[in-house]
Amino acid sequence: MKVSPIYFLMYMYIMVVAGVFGIWLFYIQHQFEGVYWSRHNEWDPMKAAFEGSSYYKLPKILQWFSGNIGLHPVHHLRSHIPNYNLQKCYDETPALHVLKELSIRRSAKSLRLSLWDEKEKKLVGFHSLKVRRAELLRLSHQENSNKI
1 MKVSPIYFLM YMYIMVVAGV FGIWLFYIQH QFEGVYWSRH NEWDPMKAAF
51 EGSSYYKLPK ILQWFSGNIG LHPVHHLRSH IPNYNLQKCY DETPALHVLK
101 ELSIRRSAKS LRLSLWDEKE KKLVGFHSLK VRRAELLRLS HQENSNKI
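UniProt numbering applies: residue 1 is where the sequence shown begins, and numbers increase by one.
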């Protein structure tokens, strides 16, 4: 069976867009400003569910296409809940209404967060690494000048 080049290109385009969307969803649900990360010996499952995954508030059509996975904290609390019941579970559980919503606009800002600052316990961008490095260099120069 011969496949038309146009059909193949359309298929590949759809696959790439779907793949990028899926990767983005996974990324943003675990890497955003204010996320909770901790070492294994300090890990708290409830805190991880509530603060370590985002409630990605999507427009209804995108929420439907993504299988309600924007309600990721609910998924982390009870992974056996089917995706079509995640919204109902959220709506009927007042304790979940404390979840901070992450909008599409705010999620775009998370792209700059690439490094985990162990001291501050937060995600930071490369810019803060440059600032910290400059700070250390300044302190080093001060120490060296005091020795002279």
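Just so it is clear, CB atoms sit at the ideal spot from N, CA and C, and this is done for glycine as well. Note that this is a predicted model, so its numbers are computed, not measured.
The C-beta separation of Ser53 from His80 comes to about 16 Å, leaving the pair out of contact by the 8 Å criterion.
With contacts defined as CB atoms closer than 8 Å, Pro82 and Ala49 fail to qualify as a contacting pair.
By the Cβ criterion, the segment 83-102 is not in contact with the segment 135-146, since fewer than three pairs of Cβ atoms, one from each stretch, lie closer than 8 Å.
Annotated as proximal: Ser103 and Lys57, with beta-carbon spacing under 8 Å. The beta carbon of Leu129 sits closer than 7 Å to those of Leu115, all from its chain and outside the five residues before and after it, given in chain order. With contacts defined as CB atoms closer than 8 Å, Leu25 and Ile69 qualify as a contacting pair. By the Cβ criterion, the segment 94-108 is not in contact with the segment 4-11, since fewer than three pairs of Cβ atoms, one from each stretch, lie closer than 8 Å. Ranked by Cα distance from Gly125, the first of Glu33, Leu86, Glu42, Gly67 is Glu33. In the DSSP assignment, Trp24 falls outside any beta strand (DSSP E) and lies within the alpha helix (DSSP H) extending over 5-28.
If you check the CB distance, Leu123 and Gln29 do not come in under 8 Å.
In this structure, Leu71 sits near Tyr55, with a CB-CB distance shorter than 8 Å. Val124 is bridged by DSSP to Leu115.
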